[in-house]
Each structure stands twice: as structure tokens, then as C-alpha cells.
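Here is the structure we will look at.
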Amino acid sequence: MPMFIEHIDAIARSRQRDVLMVTFGPRIDPTDEEAPRLDWEHLPQRIGLTQFLDQEGVIWQCCGPMRSDNGFGPYEGQIHIDIAYDPAEPRCRRILDRLEHPDGRMKDPMVSLWLMTLDLAMRNAHHDEPGFCNSW
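Here numbering that gives the first Met the number 0 is used: the first residue of the sequence shown is 0, the next is one more, and so on.
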């Protein structure tokens, strides 16, 4: 069954705030036909994180990377964590502690935490205009 997956910048614009995204695995060039694809559906790090978020009562959703004017690549298991980024807020702190060392380095090299700022997301506001995708 097809699934609609929003890009992280569209999520930031709809929330009108900075948003968090988690990516998994090494970055693979989507145009490289020979590159092995990440089996994100069975990746222990992703499964463990989504279970943790569910246990914490934190809403999350699948998301795509920042959208490009030139197209898009395959879905690679990225998720948006639907909490405001505030390290002083207890739920955010628990997520950060799960993913990062105290100095900000990621605990697992297969997991990356990203902050999509609203300012950066607004650079793609023209993507929200009716007919944008039809103009390619």
C-alpha cells in the first residue's frame, strides 16, 4: 500500500517551528545502481528508537529529507520526532540522552540526529504553492 511521506522541510513549515529528524545508516548516492540499499525496516537501531519513542509517548512519523527542486530519492527510513527541540525539556532531554554522548557526538554511527530550522525550511516555501510538482 503506498504511503504519503512528507519532507522534513514541509513538516517544519506546517508546524511553524524547528523540527527534529533522525536518519539511519551510511549515506548512499541514490543514483548509484550498484550501492547496497539499507534494510531500514529491519535495522535494529531504528526499531529500538521507534519502540523507545512509543514507550515515551512521543509521536513520530516517517519523513523524507529536505526536498530539492530537482526531484527526490528513495525513502531511507528517516523519521520526524514531533517534539520541540529544547534540551531543558525533560522529554527532549531523554531523547537526546538516548542518541548522543554528553559532548553531542552520536552514540551509534548508524544514527544521525538533525535539526531542520524553520529558516532553512522556508527556503522551500515555493514547494507549497499549488501546481509546484506539475511544473517539473
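Where is the CB? At the ideal position from N, CA and C, for every residue including glycine.
Every value quoted in this text rests on a predicted model; they were computed, and no experiment measured them.
Exposure of residue i, with buried meaning 16 or more beta-carbon neighbours within 10 Å
{"i": "LEU114", "result": "exposed"}
{"i": "ILE80", "result": "buried"}
{"i": "ASP118", "result": "exposed"}
{"i": "HIS100", "result": "exposed"}
{"i": "ASP96", "result": "exposed"}
{"i": "MET105", "result": "exposed"}
Unbroken alpha helix (DSSP H) run spanning residue i, endpoints
{"i": "LEU48", "result": "43-55"}
{"i": "ILE94", "result": "89-98"}
{"i": "ARG14", "result": "7-14"}
Host beta strand (DSSP E) of residue i (start-end)
{"i": "LEU112", "result": "110-115"}
{"i": "LEU19", "result": "18-23"}
Pairwise C-alpha distance: residue j and residue i
{"i": "PHE23", "j": "VAL57", "result": "19 angstroms"}
{"i": "ILE82", "j": "PRO25", "result": "25 angstroms"}
{"i": "ILE10", "j": "TYR84", "result": "14 angstroms"}
{"i": "PRO86", "j": "LEU37", "result": "30 angstroms"}
{"i": "VAL18", "j": "THR116", "result": "7 angstroms"}
Cβ-Cβ distance between residue i and residue j below 8 angstroms
{"i": "PRO64", "j": "GLN44", "result": "no"}
{"i": "ARG93", "j": "GLU55", "result": "yes"}
{"i": "MET121", "j": "ARG12", "result": "yes"}
{"i": "CYS61", "j": "ILE7", "result": "no"}
{"i": "TRP39", "j": "THR49", "result": "no"}
Residues bridged to residue i (per DSSP)
{"i": "GLN60", "result": "HIS79"}
{"i": "MET105", "result": "GLU99"}
Contact with chain C by residue i, beta-carbon distance below 8 angstroms
{"i": "CYS61", "result": "Included in the structure is just one protein chain, with no chain C present."}
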